[in-house]
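Sequence lines, in order, name chains A and B. With positions in the first sequence counted from 1, the corresponding number in my numbering is that position plus 30. With positions in the second sequence counted from 1, the corresponding number in my numbering is that position plus 30. Even glycine gets a Cβ: it sits at the ideal position worked out from N, Cα and C.
2 protein chains.
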Amino acid sequence: MSAMRLHGYFRSTASYRVRVALNLKRLSCDQFSHHLRKGEQRAPAYLAINPQGLVPALELDGGAVLTQSLAICEYLDEIAPDPPLLPADPLPRARVRAFAQAIGCDIHPVQNLKILDRLRALGLDEDAVTGWARTTIEEGLDACDRLIAGSPGRYCFGDAVTLADICLVPQLVNARRFGAVLRWPRLLAIEAACLSLPAFADAVPERQADAE
Amino acid sequence: MSAMRLHGYFRSTASYRVRVALNLKRLSCDQFSHHLRKGEQRAPAYLAINPQGLVPALELDGGAVLTQSLAICEYLDEIAPDPPLLPADPLPRARVRAFAQAIGCDIHPVQNLKILDRLRALGLDEDAVTGWARTTIEEGLDACDRLIAGSPGRYCFGDAVTLADICLVPQLVNARRFGAVLRWPRLLAIEAACLSLPAFADAVPERQADAE
């Protein structure tokens, strides 16, 4: 039904979020991979699509390009409201968005490839770089764990998947990758619940066509 | 009409965003300052309010606490829709959110006090730390400038203030603070237009009660 094009990368956690949102909404999308380690996201052809030089970017049917994974997920939620990615009422909506942003603003951009490469360029060795990523993730997910302490349920906020879960599950991939201590039983239980759903299971990095 | 309490800090650009949103909505709010340089945001009493140990946090009338400035702004937009902070249609909404997130995810959290202190702890000297912040802001605002290249108007997206402007103006304070080259005439024109509005002018850091 759709000629949308998702520009992403199998290992990009921000791309992973959009893959899950598309799957939950049952929206089809052609996928185009840009190899971040090789710097393909900074090629002129890609910068013409997304001047930020980041993945993901979603090209719509008419050629318009959307950037920023959280903005893309909210767009998909607005054009295809079922199932909703946010609760209906303003207060729980704000809590879900805050959790998503605790990951999308305060964890992921501080430990992504670009930042780690900048640390290397400043002379930090691999132990220090890995330690930076690990500490960022551990402290960030500690806060996330506390943000949902008052919200029981199968997922982060109750018994329906929200944007919070869509951010959490990809971030846990990076937590393992950088050797974080997985000290959050609730977050891991939510992850297991999510990965039992095809929308998440089909979006995991190792099942993408560009996986190495 | 309101007993909301905003926990912030005059120099926090994320708090500045919320101050503007409250002013635009004409919502009254008691303000509580937490001195970031003295680490007051990590005091147990504040961590009980916001487990992330970040400002801003908005305590609602009933005691509920909202965190993350972009989530707070969208909450305010939902409970007080006039004037709107986002366009009505999904596509322009996504563009405004993406611009806001280009600042809120990819610039601000990479150059905030917490990150700069971590760089100092790794042995970087002040020149390197300032350079880190300046480069983050310059590259980030370069991208922002390109994101609105196709959107003429008095503000980032047309002739009405949006969440994009609410993020841009505070970030330009930090651009100056860290000595960034202000190479974006359009962004500076938007800033001047915003600062001619009382909602922005009353929210600038130096006019807050806790300004030093």
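Closer than 8 Å at the beta carbon, the chain B residues around residue i
i, result
"T192(A)", "Simply none; closest approach about 13 Å."
"P120(A)", "Y105, E108 and I109"
"I145(A)", "V140"
"A94(A)", "L121"
"A51(A)", "Those do not exist, as A51(A) stays about 13 Å from chain B at its closest Cβ, beyond 8 Å."
Inter-residue Cα distance where the pair is residue i and residue j
i, j, result
"L177(B)", "G183(A)", "39 Å"
"R237(A)", "R148(A)", "29 Å"
"K144(B)", "G93(B)", "27 Å"
"C103(A)", "A190(A)", "16 Å"
"C186(B)", "Q98(A)", "17 Å"
"P120(A)", "G188(A)", "16 Å"
"I79(B)", "I167(A)", "21 Å"
"Q82(A)", "Q201(A)", "21 Å"
"A101(B)", "A132(B)", "15 Å"
"L52(B)", "E156(A)", "44 Å"
"D107(B)", "L106(A)", "20 Å"
"D60(A)", "L96(A)", "15 Å"
"L116(B)", "L66(B)", "30 Å"
"D232(A)", "P111(A)", "21 Å"
"K68(B)", "Q71(A)", "40 Å"
"W214(A)", "S181(A)", "15 Å"
"L54(A)", "N204(B)", "39 Å"
"C224(B)", "A118(A)", "32 Å"
"L77(B)", "V199(A)", "25 Å"
"Y46(A)", "A128(A)", "19 Å"
"L154(A)", "L212(B)", "30 Å"
"A73(B)", "A73(A)", "46 Å"
"Y39(A)", "A222(B)", "39 Å"
"S58(A)", "A33(A)", "8 Å"
"T160(B)", "L227(A)", "45 Å"
"R216(A)", "V50(A)", "20 Å"
"A239(B)", "R206(B)", "22 Å"
"A173(B)", "L146(B)", "22 Å"
"N142(A)", "G134(A)", "11 Å"
"I220(B)", "I109(A)", "30 Å"
"A179(B)", "R41(A)", "30 Å"
Residue closest to residue i, alpha-carbon to alpha-carbon, out of the options
i, options, result
"V234(A)", "G209(A), A210(A) and C197(A)", "C197(A)"
"F62(B)", "R35(B), A51(B) and V48(B)", "R35(B)"
"L84(A)", "A223(B), S226(B) and E169(B)", "E169(B)"
"V48(B)", "E242(B), R72(B), D240(B) and F230(B)", "F230(B)"
"L90(B)", "A124(A), A73(A), E70(A) and E108(A)", "A124(A)"
"D243(A)", "L171(A), G153(A) and A241(A)", "As displayed, chain A neither begins before 31 nor continues past 242, which places residue 243(A) out of reach and without an answer."
"R56(A)", "R41(A), L77(A), R72(A) and P114(A)", "P114(A)"
"A241(A)", "S58(A), H64(A) and V50(A)", "H64(A)"
"D175(A)", "L218(A), T160(A) and L146(A)", "L218(A)"
"A210(A)", "S226(A), T165(A), A179(A) and S58(A)", "T165(A)"
Contact check, residue i vs residue j, beta carbons under 8 Å
i, j, result
"H37(A)", "A87(A)", "yes"
"A163(B)", "F208(B)", "yes"
"A130(A)", "A194(A)", "yes"
"Q140(A)", "P122(B)", "Reading off the sequence shown, one finds Val at residue 140(A), where the question assumed Gln. Result no, Cβ atoms of V140(A) and P122(B) do not sit closer than 8 Å."
"V126(B)", "T43(B)", "no"
Interface partners of residue i on chain A, CB under 7 Å
i, result
"R134(B)", "In the sequence as displayed, the identity of residue 134(B) is Gly instead of Arg. The answer, in chain order, is C135."
"Q141(B)", "Under the 7 Å cutoff, chain A gives no residues; its nearest Cβ is about 10 Å from Q141(B)."
"L254(B)", "Chain B is shown only over 31 to 242; residue 254(B) falls outside these bounds and no answer can be derived."
Chain-ordered chain B contacts of residue i [CB-CB under 7 Å]
i, result
"Q131(A)", "Q98, L100 and A101"
"L154(A)", "L152"
"A173(A)", "P81 and Q82"
Proximal chain A residues relative to residue i, where beta-carbon distance stays under 8 Å
i, result
"E104(B)", "R123, A124 and R127"
"A219(B)", "Chain A residues near A219(B): none, gap ~19 Å exceeds 8 Å."
Contact list for residue i against chain A, beta-carbon separation under 9 Å
i, result
"A158(B)", "L152"
"A75(B)", "Here the premise fails: no neighbours, minimum Cβ distance about 15 Å."
Chain D contact for residue i (CB, 8 Å cutoff)
i, result
"A33(B)", "As a matter of chain content, chain D is missing from the structure shown, whose protein chains are A and B."
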